[in-house]
């Protein structure tokens, strides 16, 4: 199987091989042309490239409140507030934007804003393997260790 880096390359290959006969030693078709599939930007960028880390949050902050605030600047994919065993907020959360290009804008937009009397601290959050494992366990997010 051949994976092309973009749709133009795939189209050029399809044009090149259309109506051409190519067989292996057994006489079977050696080339199969399949349609090109565009990759979703949000999946290609990976979760860690779309993540914003918010700290200094009030213990009563909800995912809904954070989503409402963040959606003022750009589309949000997921919101996860870290909580203790009693369901109380640990004072930090992660916002996953739909597009990686919106991370910087969100950090600038949210930094210093107040929710429930607390000034939010916002950072882009590229993380690392250990950070991703911690986040998976504390915020119940899956798939980060695979990034």
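Numbering (this note's numbering), first residue to last: 40 to 186.
The beta carbon of each residue, even a glycine, is placed where N, CA and C say it ideally should be.
Would you give the residue range spanned by the alpha helix (DSSP H) that residue i belongs to?
i: residue 105; result: 102 to 109
i: residue 144; result: 142 to 149
Enumerate in chain order the residues of its own chain whose CB-to-CB distance from residue i is below 8 Å, with the five nearest sequence positions on each side excluded.
i: residue 128; result: 96, 97, 98, 99, 100, 120, 121, 122
i: residue 116; result: 81, 89, 135, 136, 137
i: residue 114; result: 136, 137, 138, 141
i: residue 158; result: 95, 151, 152
i: residue 145; result: 91, 109, 112, 113, 134, 136, 161
Measure from the alpha carbon of residue i to the alpha carbon of each residue in the options, then state which is nearest.
i: residue 142; options: 152, 116, 86, 91; result: 91
i: residue 163; options: 52, 130, 93, 50; result: 93
i: residue 130; options: 144, 147, 110, 156; result: 156
i: residue 154; options: 52, 55, 102; result: 102
By the DSSP assignment, the beta strand (DSSP E) with residue i in it spans what residues?
i: residue 93; result: 90 to 94
i: residue 135; result: 128 to 136
i: residue 122; result: 115 to 122
i: residue 161; result: 160 to 163
Are the CB atoms of residue i and residue j nearer to each other than 8 Å?
i: residue 149; j: residue 132; result: no
i: residue 161; j: residue 89; result: no
i: residue 135; j: residue 105; result: no
For residue i, which residues of its own chain have a beta-carbon under 7 Å away from its beta-carbon, when the five flanking residues on both sides are left out?
i: residue 124; result: none
Using a Cβ-Cβ cutoff of less than 6 Å, which residues in the same chain neighbour residue i once the five nearest sequence positions on both sides are dropped?
i: residue 84; result: Any reading at residue 84 is ruled out, since the residue's pLDDT is 47, under 50, leaving its predicted position unreliable.
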